[in-house]
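Residue numbers (our numbering): 30 to 402.
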Amino acid sequence: MAKPHPEAKVKLDAYSDAQNLRSFLKGQIFGTIAPVTESNITKPEIRGRTIIVTGANTGLGLEAAKQFAELACVSRLILACRSASKGNAAREAILATLPSEKGSQLEIYVWELDMASKASIVAFTERTRRELDHVDAIVLNAGVDLVSYQKAKDEDGGYEMTIMVNVVGTMMLAVLIIPVLREKARPGLTPRITVVGSAVQFLAKHALLVEAEQNQSGEGIMQWLSTETRWKNKIGEDRYNLSKVMLQMLVHQLAARYPVSGTQNTKKGVIVNCAAPGYCKTELFRTAGTAVSRVTLKLIGREAEVGARSLVVGAVGQEGDVKSHGMYMTEGAVNGIGSAWLRTEQGKRIEQQLWTELIDEVVKSVPTAESDL
Numbered sequence: 030m031a032k033p034h035p036e037a038k039v040k041l042d043a044y045s046d047a048q049n050l051r052s053f054l055k056g057q058i059f060g061t062i063a064p065v066t067e068s069n070i071t072k073p074e075i076r077g078r079t080i081i082v083t084g085a086n087t088g089l090g091l092e093a094a095k096q097f098a099e100l101a102c103v104s105r106l107i108l109a110c111r112s113a114s115k116g117n118a119a120r121e122a123i124l125a126t127l128p129s130e131k132g133s134q135l136e137i138y139v140w141e142l143d144m145a146s147k148a149s150i151v152a153f154t155e156r157t158r159r160e161l162d163h164v165d166a167i168v169l170n171a172g173v174d175l176v177s178y179q180k181a182k183d184e185d186g187g188y189e190m191t192i193m194v195n196v197v198g199t200m201m202l203a204v205l206i207i208p209v210l211r212e213k214a215r216p217g218l219t220p221r222i223t224v225v226g227s228a229v230q231f232l233a234k235h236a237l238l239v240e241a242e243q244n245q246s247g248e249g250i251m252q253w254l255s256t257e258t259r260w261k262n263k264i265g266e267d268r269y270n271l272s273k274v275m276l277q278m279l280v281h282q283l284a285a286r287y288p289v290s291g292t293q294n295t296k297k298g299v300i301v302n303c304a305a306p307g308y309c310k311t312e313l314f315r316t317a318g319t320a321v322s323r324v325t326l327k328l329i330g331r332e333a334e335v336g337a338r339s340l341v342v343g344a345v346g347q348e349g350d351v352k353s354h355g356m357y358m359t360e361g362a363v364n365g366i367g368s369a370w371l372r373t374e375q376g377k378r379i380e381q382q383l384w385t386e387l388i389d390e391v392v393k394s395v396p397t398a399e400s401d402l
């Protein structure tokens, strides 16, 4: 496997997680994210863009898709949804918000994608390669925050469902789709992968990751975290936070292996960033979490429309350009590498182990994938 390219080494920020949390709360309560318009996107003159959004039938995904649809530079949207019927309803909702002229020019397609199914992820990637002449950006938004223990199918690794969807499925799609984006890149425009991150990574109990790494059972970190007994005894309440810090780690690793300038075979590079929308009033959080967190959501939660702007910035905005590669974005701007713990020796070691586990899982489904990394 290729070693990280020196250009792609992430910059280390000086923030502690306490400072990061204070910054998050300040932005959440007093700040906002500016709407994305033709004036603040990268190279607005390059039209005919194709954007893919996963989990596009509700919440942040739907709101981001609506905002992409309004941009003159976007001519094709792919709504990747687990349910075709819900995806079609989202398509109609998007078209209903557009002027008739824009609605008649914009192509919107609904493609089925189940982020808990490795077979579905592979099929989606192959369909993208086969049917699309170019892909300019993909927003990996689909995610879950479950209140009870659920497990993915054995053929999909048997992971706890939060880990499967938020981490394994999301990053498996990123790993498999990045060669497609490179192959189909258009002159003058660097394709992007924007992964939806979260400030809850600053709250994650890193000791659980360390304990998982040091376990003597022979299980990988993600498998150790996925057992029902451990989930009920110590992991359940932290499942979402852990999934987001692991996701941030894997974004670092993927970005390191695909420097924006391209590689020795001169193929186009791809920008990979991690954009946090803030604490938003979406279905994901309305029923999950503690009573305190739900009250907090009512008090300081922002509307999904505002949070979705961060995803759009990551995918087409000027702030989401080269400087965002491998980085954490919040309030529509680059904000370092994410959790300060990622800079520690433990964090670096566990990040590498998680990458190894992810690639092992990907290669089980697509044996040739490792040769692209």
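Beta carbons are placed, not taken as given, at the ideal position from N, Cα and C, and that holds for glycine.
Notebook entry, point to check: How big is the Cα-Cα spacing for residue 79 and residue 166?
Noted result: 7 Å
Check: Near residue 295, what residues of its chain come up, given a Cβ to Cβ distance below 6 Å and the 5 sequence neighbours on each side ignored?
Finding: Annotation note: pLDDT 49 at residue 295 (below 50); position unreliable, no value reported.
Notebook entry, point to check: Is the beta carbon of residue 354 sitting closer than 8 Å to the one on residue 289?
Noted result: yes
Item checked: Residue burial classification, residue 293 (beta-carbon count within 10 angstroms, cutoff 16) -> Only weak support is given to the placement of residue 293: the predicted model assigns it a pLDDT of 45, under 50, and the question is left unresolved by the model.
Next item on the list: Quick one: grab the DSSP three-state call for residue 86.
Entry: coil
Margin query: With the cut-off set at 8 Å, would you say residue 172 and residue 194 are in Cβ contact?
Written below: yes
Notebook entry, point to check: If you draw a straight line from the C-alpha of residue 136 to the C-alpha of residue 81, how long is it?
Noted result: 12 Å
Notebook entry, point to check: How big is the Cα-Cα spacing for residue 337 and residue 168?
Noted result: 11 Å
Notebook entry, point to check: Should residue 273 and residue 339 be called a contact, given that it needs their Cβ atoms to be closer than 8 Å?
Noted result: no
Check: What's the gap between the Cα of residue 111 and the Cα of residue 144?
Finding: 8 Å
Notebook entry, point to check: Once you ignore the five residues that flank residue 249 on each side, which residues in its own chain have a CB closer than 7 Å to its CB?
Noted result: 386
Checklist line | Anticipated Cβ contact below 8 Å, residue 368 with residue 282, distance rounded | finding: Wrong, their Cβ atoms sit about 15 Å apart, outside the cutoff.
Checklist line | Sequence-distant residues of the same chain with beta carbon closer than 8 Å to residue 346, five excluded per side | finding: 65, 69, 70, 71, 361
Check: If you follow the alpha helix (DSSP H) that residue 221 is part of, which residue opens it and which one closes it?
Finding: Per DSSP, residue 221 belongs to no alpha helix (DSSP H); it is in the beta strand (DSSP E), 221-225.
Check: Is the CB-CB distance between residue 123 and residue 94 below 8 Å?
Finding: yes
Next item on the list: Could you please give the first and the last residue of the uninterrupted beta strand (DSSP E) stretch that includes residue 338?
Entry: No beta strand (DSSP E) holds residue 338; the alpha helix (DSSP H) holding it covers 333-345.
Check: Helix, strand or coil for residue 139 per DSSP?
Finding: strand
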